[in-house]
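Colleague:
Protein chains in written order, with my numbering: chain A, 241 to 491; chain B, 102 to 171.
Structure follows, in structure tokens:
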């Protein structure tokens, strides 16, 4: 047993699994579990098919940078869309969602067997990209060190650990208010979108994948600042509007 | 032709709530890509983050502008 390969594969794959699982969890919490898991399962099936067709030659045929750019742009646009709505809601410009009516709507949709396509596609993209990166890690380490068993074993252990942590996080996440969750999802998708699209376009991030932490912290700060600014701006605009309408009414 | 236009319309509404935000975000990515091409890949990351944050700020600023009343 080549422990060095197993540990290297486990650590590198673990980072990718955490990224994929973060997206699945975020989509599940922000949209619904059903669509998020459907997207993840479809991505795993697609990955299995890709690996079965290409095998080890995968490294030559899949342009990872192109895939990173496409998925990154998608996540960035989607994340910003969610973040914008969450900021405007938190700032009082858009109405907060009525949790009871959303719950009733979700139950109705589930009864009909409806799929939330936004959630499904986001989850699919995240899992497919990160899954492909894990496959690349395993193939690279496996072929270069001639140790496929330990490389696959290391990745499998990392997956198991991430899955256990994810299942443990599931119920605390369900207690978080909806708009707070939208914030978290928007910030995370924007972070990963920036990171991956940037990587695909040739940007050198300061700490490679660990730059996600700095980007996340930065986007959280921007979001807090934006909510405070929107609130202050709304307060400033509302009295002026009230005065204008009162003046208009008295004429 | 109609099916293609419907498809792109669907993709557009799927991804975009505010055209300004989407255009600014894509412009930020294009600038970062260009900087990477000319060898400034280390600066491109910082700039991309700042530009995406700026795009969000610019879009929110536009959304908060008082609209003209009749």
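Ideal placement from N, C-alpha and C gives every residue a C-beta, glycine not left out. Every value quoted in this text rests on a predicted model; they were computed, and no experiment measured them.
Rounded to whole angstroms, what's the CA-CA distance from residue 135 of chain B to residue 143 of chain B? Just pull it up for me.
Modeller: Distance between the alpha carbons of residue 135 of chain B and residue 143 of chain B is about 12 Å.
Colleague: Between residue 160 of chain B and chain A, is the shortest Cβ-Cβ distance under 8 Å, so that the two count as touching?
Modeller: Yes, residue 160 of chain B lies at the interface with chain A (some Cβ there is under 8 Å from its Cβ).
Colleague: The alpha helix (DSSP H) with residue 327 of chain A in it runs from where to where?
Modeller: Run containing residue 327 of chain A: 304-330, per the alpha helix (DSSP H) assignment.
Colleague: Give the residues of chain B in contact with residue 313 of chain A, contact being defined as C-beta atoms less than 8 Å apart.
Modeller: In chain order: 127, 130.
Colleague: Along chain B, which residues have their Cβ under 7 Å away from the Cβ of residue 434 of chain A?
Modeller: Those are 149, 150, 153, listed as they occur along chain B.
Colleague: Would residue 491 of chain A pass as an interface residue toward chain B - the criterion being a Cβ-Cβ separation below 8 Å?
Modeller: With a pLDDT of 43 at residue 491 of chain A, under the threshold of 50, the modelled position of this residue cannot be trusted; read the value that follows with caution. So, not an interface residue.
Colleague: When the Cα of residue 453 of chain A is compared with those of A:288, A:444, A:428, which residue comes out closest?
Modeller: Closest option to residue 453 of chain A, Cα to Cα, is A:428.
Colleague: Under the three-state reduction of DSSP, which class applies to residue 489 of chain A: helix, strand or coil?
Modeller: With a pLDDT of only 48 at residue 489 of chain A, under the threshold of 50, the placement of this residue in the model should not be trusted, and no figure is reported.
Colleague: Note down, in chain order, each residue of its chain lying with its Cβ closer than 7 Å to the Cβ of residue 431 of chain A, except the 5 sequence neighbours on either side.
Modeller: Excluding positions up to five away in sequence, the list reads 452, 455, 456, 459.
Colleague: Going by beta-carbon coordinates alone, are residue 409 of chain A and residue 265 of chain A separated by less than 8 Å?
Modeller: Contact flag set, yes.
Colleague: Using beta carbons (cut-off 8 Å, strictly below), is residue 120 of chain B in contact with chain A?
Modeller: No, no contact with chain A.
Colleague: Report the residues of the region 450-472 of chain A with a CB closer than 8 Å to any CB of chain B, ordered along the chain.
Modeller: Those residues of the region 450-472 of chain A that come within reach of chain B (Cβ to Cβ, closer than 8 Å) are 451, 455, 458, 459, 462, 466, 469, 470.
Colleague: Under three-state DSSP, which class holds residue 271 of chain A?
Modeller: In this structure, residue 271 of chain A counts as coil in the three-state DSSP scheme.
Colleague: Between the region 321-337 of chain A and the region 417-426 of chain A, are three or more C-beta pairs nearer than 8 Å?
Modeller: Verdict: yes, contact present.
Colleague: Which class does residue 417 of chain A belong to by DSSP, given the choice of helix, strand or coil?
Modeller: Residue 417 of chain A: coil per DSSP, three-state reduction.
Colleague: Does DSSP put residue 252 of chain A in a helix, a strand or coil?
Modeller: Residue 252 of chain A: helix per DSSP, three-state reduction.
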